[in-house]
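Counting from 1, one number per residue, gives the positions in the sequence shown under the UniProt record's numbering. Every residue gets a Cβ at the ideal spot worked out from N, C-alpha and C, and that includes glycine. Fair warning: this is a prediction, and the values are worked out from it, not measured in the lab. Worksheet for the structure shown next.
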Amino acid sequence: MKAFLFTAAALACLASCTPKQKGDALYSYNEQAETRWSSPENFNGQKGQGGKENNTAKGHPADSIPAGAAKALLDIQGEGVIKRIWVTINDRSPQMLRGLKIEMFWDGETKPAVSAPFGDFFGAGLAKTSAFENELFANPEGRSFICYIPMPFKTGAKIVVTNESGVSLHDIYFDVDYLLGANAGNSLYFHTYWHRDTSTMLAKDFELLPRVEGKGRFLGVNIGVNANPQYRKSWFGEGEVKMFVDDDKAYPTLNGTGTEDYIGTGWGQGKYITRYSGCTIASDSLLQWAFYRYHVPDPVFFKTALRITMQQIGGAMRDSVMRYQKEGAPLIPVTISSGKLYHYYKPGQVVTLNKNMPDGWTNFYRRDDIASTAYFYLDKPANNLPAIQPAAIRKTQLREAK
């Protein structure tokens, strides 16, 4: 019997299979697959070699990563699929969660398919830990990091954590659980893209995923927002998520209606956790929001390319936006909703709001600090996207609770 691997067809099954069909895999048997755990007690999960140090009495449960050094969590040859990654570290400060970089390489490629800050990769938006569990990630008590995304490979897999925080990490415990010998077949390869813009440009959409070329599936995204205090406590999330599929040019095929709408809520955004979407941080005092949306029951497939953006639009009542504008906050009015929707945005022009305009909810382009991690599968082990930004950009302006 073949292993249940994440080909495009198998991924689609997640949305369409009955509970019985999903459950069948729990009692199936794979003659070719061998279960392996890579941990400090048995790196790469070598056959019959676990726990040899200190006469088997917990002699090597953790490793350290000095500042500037790297540690491999897995480095194997062969065919298989990673099923689960669990890690815990003694220093879970924002500087460490953004300073550690996790990278994954498939089939001997020298360019990583995955390259992201450690915390962001595991769903800890804004480099802050909190207890949560969703379909793809978990942090049971805010002290550990779990990923359940299946990651097939055909000839080899390597996972490396590099410490670019500037300080040494004393303890890293880990398990990388995988099946060796499972037939990957025509399975897609797992990839991520992380990017941060500390001050987005007016009327320019933030790219959650630059144009990636190939055939694949977009799995989802987690996003962190440090809202600009120049707009006080106004709402940041009026921007629409847009997906440009295959040969889309100026206009996308998939177009949402607002940021909180994209993650399944509405009329603002508080803290909540569900299987496929949620908001792990919602702080009016720090002006921070961290949220996610995973396209498991609603697949997003692409044949040749995909690009995804999120508009940088917020909103408040007209008089509030007038005040921000008078105070010199960078903004461009877009619409006013007052019984009907009045349009005021023209590229290259900035309308000055006044009392003669309709009084109502006013949307406006704004500038904020945005970071996002996009997850996707691709039909090749390396992608055409830019390299991860340096640690200085990842770690700057991390807001701490006062």
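Rounded C-beta distance between residue i and residue j? I'm assuming under 8 Å.
i    : j    : result
T257 : V245 : Actually they are not in contact, since the Cβ atoms of T257 and V245 sit about 18 Å apart, beyond 8 Å.
G293 : I273 : Inspection of the sequence shows that residue 293 is occupied by Arg rather than by Gly. Actually they do not touch by this definition, with Cβ atoms about 13 Å apart.
G348 : N222 : Actually they are not in contact, since the Cβ atoms of G348 and N222 sit about 34 Å apart, beyond 8 Å.
L353 : V212 : About 39 Å; that fails the 8 Å criterion.
A203 : Y29  : Their Cβ separation, rounded to whole angstroms, is 57 Å, which puts A203 and Y29 out of contact at 8 Å.
Y34  : L180 : One point to set straight first is that residue 34 is Glu, not Tyr, in the sequence displayed. Contact holds; Cβ gap of about 5 Å.
I308 : L209 : 4 Å
N226 : D369 : 4 Å
Quick one: grab the DSSP three-state call for residue i.
i    : result
G394 : Position check: residue 394 holds Arg in this sequence, whereas Gly was assumed. Residue state, collapsed to three classes: helix.
L136 : coil
E240 : coil
A157 : strand
F4   : With a pLDDT of 36 at F4, under the threshold of 50, the modelled position of this residue cannot be trusted; read the value that follows with caution. In this structure, F4 counts as coil in the three-state DSSP scheme.
T259 : helix
Y29  : coil
T88  : strand
N231 : Correcting the residue identity first, residue 231 is Tyr in this sequence and not Asn. Helix at Y231.
A57  : coil
R399 : coil
G278 : strand
R36  : strand
F206 : strand
G220 : strand
G119 : helix
N44  : helix
G108 : coil
P152 : strand
Q95  : helix
G125 : helix
Y173 : strand
L286 : coil
T265 : coil
G80  : strand
S64  : strand
Y251 : coil
K71  : strand
T192 : strand
V167 : coil
R143 : coil
T198 : coil
Using a Cβ-Cβ cutoff of less than 7 Å, which residues in the same chain neighbour residue i once the five nearest sequence positions on both sides are dropped?
i    : result
S39  : F174, D175
A329 : Q230, Y231
H295 : F218, L219, G220
P112 : E103, M104, F105
R318 : I336, L353, M357, D359, G360, T362
K303 : K215, D246
D171 : A62, S64, I89, N90
G68  : N163
Should residue i go down as buried or exposed, given a rule of 16 or more other Cβ atoms within 10 Å for buried?
i           : result
E400        : exposed
G167        : The amino acid at residue 167 is misidentified as Gly; the sequence shows Val. Exposed, since its Cβ has fewer than 16 Cβ neighbours within 10 Å.
Q311        : buried
M201        : exposed
S165        : buried
L341        : exposed
A250        : exposed
S372        : buried
W267        : exposed
Y193        : buried
S115        : buried
residue 403 : Because the chain spans 1 through 402 in this model, residue 403 falls outside it and cannot be assessed.
P381        : buried
S277        : buried
Q397        : exposed
K128        : buried
E327        : exposed
L74         : buried
Q288        : buried
Within the same chain, show all residues whose beta-carbon is closer than 6 Å to that of residue i, passing over the 5 residues directly before and after it, in chain order.
i    : result
T162 : A70, K101
W235 : G314, G315
V241 : G256, Y262, M310
R394 : R98, P117
Q21  : At Q21, the pLDDT of 47 sits below 50, so the modelled position is not reliable; the number obtained from the coordinates is stated separately. Excluding sequence neighbours, Q21 sits near nothing in its chain.
W86  : I146, D175
V300 : F218
P66  : S168
Y345 : V334
Can you give me the Cβ contacts of residue i inside the same chain, cut-off strictly under 8 Å, excluding the 5 residues immediately before and after it?
i    : result
P140 : A131, E133, I146
Y148 : K83, R84, E135, L136, F137, A138
Q49  : N42
A392 : none
Taking only runs of the beta strand (DSSP E) that begin and end inside the segment 288-372, which ones reach a length of at least 3 residues, in chain order?
If only complete runs of 3 or more residues are kept, the segment 288-372 shows the beta strand (DSSP E) at 288-294, 300-302, 305-310, 313-317, 332-338, 340-343, 361-365, in order along the chain.
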